[in-house]
Amino acid sequence: MSAAGAIALSSVVVLVSAKPKVRLIKVVAKKFEFVPGEIHLKQGETVTLQFTAPEVPMGFNLADFNLRADIVPGKVVSLELTPDKTGTFTFLCDVFCGTGHEEMSGTLIVT
Ligand SMILES: [Cu+2]
Numbered sequence: 004m005s006a007a008g009a010i011a012l013s014s015v016v017v018l019v020s021a022k023p024k025v026r027l028i029k030v031v032a033k034k035f036e037f038v039p040g041e042i043h044l045k046q047g048e049t050v051t052l053q054f055t056a057p058e059v060p061m062g063f064n065l066a067d068f069n070l071r072a073d074i075v076p077g078k079v080v081s082l083e084l085t086p087d088k089t090g091t092f093t094f095l096c097d098v099f100c101g102t103g104h105e106e107m108s109g110t111l112i113v114t
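Counting with the numbering used here, you get residues 4 to 114 for the letters of the sequence shown.
Quick look at the structure:
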């Protein structure tokens with residue numbers, strides 16, 4: 004490799020490692036609960052919520068932050084969230100998934 008090539012490559016490496024890390028939170032939507040059922044975030048902290056549903060199609064609805072997704076078995080769905088307010092918020096499954104659907108919810112706590 005030429006000297007110029009080596010310099011270009013090393014600057015790319017620096018750029019990549021300098022990129023701020025976004026915390027990844029994996030959430031599994033099972034019958035009939037989200038795991039974890041409680042998610043703790045800091046106000047202003049950007050996270051990626053990564054959803055999977057191993058059994059049947061599910062929904063994720065966090066109305067207070069206008070965030071929702073369909074979660075389909077065999078796929079991974081990612082949503083980015085940067086909470087701009089503190090408090091305790093409820094998220095729900097909004098896709099009918101069976102007998103426990105109405106009680107399927109979780110809590111987001113932003114401090
Ligand atoms: Cu459901």
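For every residue, glycine included, the Cβ atom is placed at its ideal position computed from N, Cα and C. Please read these numbers as outputs of a predicted model, since none were measured by experiment.
- Going by DSSP, M107 is part of no beta strand (DSSP E) at all; its letter is neither H nor E.
- With a 10 Å radius around the Cβ and a threshold of 16 neighbouring Cβ atoms, I42 comes out buried.
- Proximity of the beta carbon of F99 to ligand 1 is indicated: a heavy atom of the ligand is located closer than 7 Å.
- Non-local C-beta neighbours of D97 in its own chain, meaning closer than 6 Å and more than five positions away in sequence, comprise G62, N64, ordered along the chain.
- A heavy atom of ligand 1 is found nearer than 7 Å to the CB of H104.
- Residue nearest to K29 within the set G77, P23, V50, K45 is V50 (criterion: CA-CA distance).
- Taking 8 Å as the cut-off, the Cβ atoms of F68 and P39 do not count as close.
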